Each structure stands twice: as structure tokens, then as C-alpha cells.
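Q: According to full-length UniProt numbering, the stretch in the sequence shown is residues 1 to 235, in order. The beta-carbon is built from N, C-alpha and C at its ideal position, and this holds for glycine as well. As the structure is a prediction and not an experimental result, all values here were calculated from the model.
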Amino acid sequence: MKNLIRNVSGLTDTAKLKHLNAFAKVENGIKKLLRQKTPITFEAVAKASGVSRAFLYKYPQLRERINSLKTRNQPKNSPPINQKASEASRIAIIDALRYQIQQQQKEINILANLVGGSSLTPQQIEKYDFIAENKRLNEALEMSQNQLNESIMINQNLTESLKNLKYQNQELKKKSANYQDLQSEQSEFHQQNSNIHVLLQQTISESRQSNIKRFAQAFKQEDKSTDFLETDTNC
């Protein structure tokens, strides 16, 4: 029973020490970011502190401190934090939930061993922590690989979209050239139509003047015939 109590106490002290060290790293990382005037985000704090984002999301006091610093450094016109739902935050939340599940599973396994009558030595606890950490790192590696694959797929889609945009741009250039040709042809048509209209007006004017001349000549001839008839009657 004494061994059992000693093992549980050793486990608790080890966990507390790890947490205190992690909290100190987080605080130092935040101070470093503030000195560098770097925007405070979960990703930036995790990178500067050397801890996982899951660890930051796990503890409310850390979440509140980082969120308060994020809000303080946000521009006035920027939307609230809860409106910035990004893929990175969703991944971090999932990572945090997985980490919590792993920690709970570790505690369940330890309690199961203790209840079963088998005590864990500090070396066994350290070995178990190493195995759990290795598993977590493997899962993080798998998650990173999945993200890399998604990024490659997105890049391929963007490349394909760029090709389509280039093709559409070429088609628009062709249509623009055809439109310019059509405008040129339309301008020539209007010019020809204008020339025809001027020519028609000239023709009508000349025809009208010709008709007037013929009518005047016919009128003169008719007037002469009338004078001749009157002279003949007088005789």
C-alpha cells in the first residue's frame, strides 16, 4: 500500500513539474512575441514556446490570456475572433480534443494497473509517458502529412484553374479582336452608306433640274404655238 501511494505521488509530482515547465515556456514565448511586436496567435505562441497548440487549448487560463492579447492587438475594424473560423483553428481544436482523449486514456490505464494490484515504478511511468508522447507525435505527423496532401491537391486545383483562366483570357482577346474588326467593317459600311446618300441626293437634284429645264422648254414651245394661232386668226 505504501508503494502504491508513493507511485501515485511520484506520478502527480512529475505531471505538475511538466505542467509548470510548460506554463513557464508559454509565458516566456508570449513575452518574446510582445517584445518582437509579433501578432499574438495560438500558432505563434505554440511555435515560440515549443509546445503544441493542443496544450494551449487545453487550459482555460492559457486560452483566455492568448485571446485577450489577440483582441488587444486586433485593429478596430477587424471582425470579432469568433467570426474568424479558419481551418487552422479547427485543426487546433481537433488536436486539443485528441490530446485530451489521450491524457484521459493514460489516466484510465494507470488507474487500471493500480487497481489490479500492480504498482508502476518511476521508470515505467516515464516509459509510458514516452510511448504516449511518441504516439501523439506520430498522430501529429500523420495530421501534417494529410495537410500536406491537401495543400498539394489545392495547389493542383489552383494550377488547373490558372490554365482555365489563361484559356478564357485568350478567348476574350480573340473576341475583342473580332469585335474591333466588326467595328471597322461597320464604320466602312456607314461611310459607304453616307457616300451613297450624297450621290443619291446629287442624282435627285440633277434630275429635278433636268425636269425643270424640259418643262420650261416645253412651256416655251407651247407659248409660241399659241401666238402663231392667234396671228393666223387675225389674218
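Within the same chain, show all residues whose beta-carbon is closer than 6 Å to that of residue 64, passing over the 5 residues directly before and after it, in chain order.
A: Sequence-distant partners of residue 64 (beyond 5 residues in either direction) whose C-beta falls short of 6 Å from its own C-beta are missing from its chain.
Q: Between the alpha carbons of residue 206 and residue 168, how many angstroms are there, rounded?
A: 56 Å
Q: Using a Cβ-Cβ cutoff of less than 6 Å, which residues in the same chain neighbour residue 99 once the five nearest sequence positions on both sides are dropped?
A: 54
Q: When DSSP labels each residue in this structure, what does residue 5 get in the three-state scheme?
A: The pLDDT assigned to residue 5 is 36, lower than 50, so where the model puts this residue is not dependable; a value taken from the coordinates is nonetheless given after this. Reduced to three states, the DSSP call for residue 5 is helix.
Q: Where do the ends of the alpha helix (DSSP H) carrying residue 45 lie?
A: From DSSP, the alpha helix (DSSP H) with residue 45 extends over 42-49.
Q: Alpha carbon to alpha carbon, what distance is there between residue 142 and residue 40?
A: Each residue's CA atom was taken as its position, placing residue 40 and residue 142 some 27 Å apart.
Q: Grab me the residues of residue 30's own chain with a C-beta within less than 8 Å of its C-beta, minus the 5 sequence neighbours each way, in chain order.
A: 40, 45, 48, 49, 65, 66 and 69
Q: Residue 96 and residue 135 - do their beta-carbons sit closer together than 8 Å?
A: no
Q: Taking Cβ positions, are residue 56 and residue 42 nearer each other than 8 Å?
A: yes
Q: Leaving out five residues before and five after residue 38 in sequence, what residues of the same chain have Cβ atoms less than 7 Å from its Cβ?
A: 44
Q: Since residue 57 is in the alpha helix (DSSP H), which residue starts that stretch and which ends it?
A: 53-58 is the extent of the alpha helix (DSSP H) around residue 57.
Q: How long is the line joining the alpha carbons of residue 208 and residue 171, rounded to whole angstroms?
A: Using only the alpha carbons, I get a separation of about 54 Å.
Q: For residue 24 versus residue 51, is the C-beta spacing smaller than 8 Å?
A: no
Q: Can you tell me which of 19, 36, 94 and 102 puts its alpha carbon nearest to the alpha carbon of residue 61?
A: 19
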